[in-house]
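In UniProt numbering, the protein residues as written are 1 to 172. The beta-carbon is built from N, C-alpha and C at its ideal position, and this holds for glycine as well. First comes the structure, then the notes that go with it.
Structure (structure tokens):
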């Protein structure tokens with residue numbers, strides 16, 4: 001009988017040890033998966049931008065800042081994690097970007113990239129191929145204003161290659 005009690009006790013100890021190990025592994029994985037988003041501007045960060053993630057290298061977050069559809073001026077805060085940028089793209093109605101936090105870049109196809117800091121404004125004419133995003137080592141947020149929203153359409157193009165991005169951020 002003593003031998004059975006010892007065996008049962010050992011099984012309980014092993015089971016408890018295994019449960020503790022599994023719980024610890026689960027906590028580590030959950031912590032690794034959670035991205036800590038720093039507060040880099042006074043605007044809300046919003047939700048992870050899963051609706052457009054196929055057009056971004058890295059993670060971004062999107063917060064609508066206007067809700068009155070009668071005004072017809074969609075304005076969003078877009079936040080990029082370090083090294084994240086969107087694909088080359090165009091807007092048929094143009095776009096205005098206002099940098100509000102961190103360090104970012106904007107580049108029109110065929111031109112040198114422009115480094116963006118809080119307060120910088122970028123006026124993008126209709127149908128200009130461009131990209132924008134964070135620097136390799138800094139988060140970045142900008143306000144995006146859709147111009148001429150009644151006719152403005154995005155056309156998403158190819159991703160900005162690592163070579164293009166590296167050249168853009170290292171030329172500064």
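In three-state DSSP terms, what is residue i?
i	result
residue 45	coil
residue 87	coil
residue 160	coil
residue 50	helix
residue 145	strand
residue 153	coil
residue 168	helix
Under a Cβ-count criterion, where at least 16 other Cβ atoms within 10 Å of its own Cβ denotes burial, should residue i be classed as buried or exposed?
i	result
residue 90	buried
residue 67	exposed
residue 47	exposed
residue 45	buried
How many Å lie between residue i and residue j at the Cα?
i	j	result
residue 115	residue 73	26 Å
residue 124	residue 97	8 Å
residue 150	residue 64	17 Å
residue 60	residue 136	14 Å
Tell me which same chain residues have a C-beta within less than 6 Å of the C-beta of residue i, skipping the five on either side of it?
i	result
residue 134	80, 82, 84, 104 and 140
residue 152	91, 92, 93 and 146
Taking 8 Å as the line, does the beta carbon of residue i fall inside it for any heavy atom of the ligand HEM?
i	result
residue 61	The ligand HEM is absent from the structure shown, which contains no ligands of any kind.
Taking CB distances under 9 Å as the criterion, tell me whether residue i reaches chain D.
i	result
residue 55	No chain D appears in this structure, which consists of one protein chain only.
What does a CB cutoff of less than 7 Å around residue i pick up in its chain, not counting 5 residues either side in sequence?
i	result
residue 155	89 and 90
Counting Cβ pairs, one atom from each stretch, are 3 or more of them under 8 Å apart for the segment 128-135 and the segment 101-111? The answer is yes - the segment 101-111 touches the segment 128-135, with three or more Cβ pairs under 8 Å.
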